[in-house]
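Here the structure is laid out as structure tokens; the discussion comes afterwards.
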Amino acid sequence: MPADYNGRWEMVKNDKFEDIMKALDIDFATRKIAAHLTQTKVIMQDGDRFETKTLSTFRNYEVNFTVGEEFEEYTKGLDNRTVKTLVTWDGDKLVCVQKGEKPNRGWKHWIEGDLLYLEITVGDKICLQVFKKKE
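Structure below.
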């Protein structure tokens, strides 16, 4: 049985997010605003099916996927690119590969206790975000 990602998760750490935004060619003004936001993740999981929302006062992003099924993702409101996205399990970690214009793009999610970790990679840049489960 995979890990249970269900819940509302509040951001408590956001290291090197601006590096990721620069690697995605996001404009200066948007980077400055986004770097100071506190995000909330809302995840609804049913086995391998996920509905995810990333919420902030600036922009919201929603992506739904089934683990093991590649799909076309339009990163509207992020860097506005179309990528081929595939999420797989690596033990209890979710591992995402996004194929498109930017090399070595993707993310990994895992849970330790009441913390949700998100490691985002673009090229040689890595950002670590940490979220605490809200009761």
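All the letters of the sequence shown, read from the start, carry residue numbers 26 to 160 under this note's numbering.
Glycine included, each C-beta is placed from N, C-alpha and C at the ideal position.
- The alpha carbon of L49 has as its nearest neighbour, out of T113, D104, G116 and M36, the alpha carbon of D104.
- Take L111, set aside five residues on each side of it, and the residues of its chain with a beta-carbon closer than 6 Å to its own are E95 and V122, in chain order.
- Judged by DSSP in its simplified three-state form, T79 adopts strand.
- Between K158 and D139, the CB-CB gap stays under 8 Å.
- Note on A59: 16 or more other CB atoms within 10 angstroms of its CB, so buried under the neighbour-count rule.
- Separation of the CB atoms of V92 and D73 is rounded to 4 Å, and the pair is thereby assigned contact status at 8 Å.
- Non-local C-beta neighbours of W135 in its own chain, meaning closer than 7 Å and more than five positions away in sequence, comprise D117, K118 and Y142, ordered along the chain.
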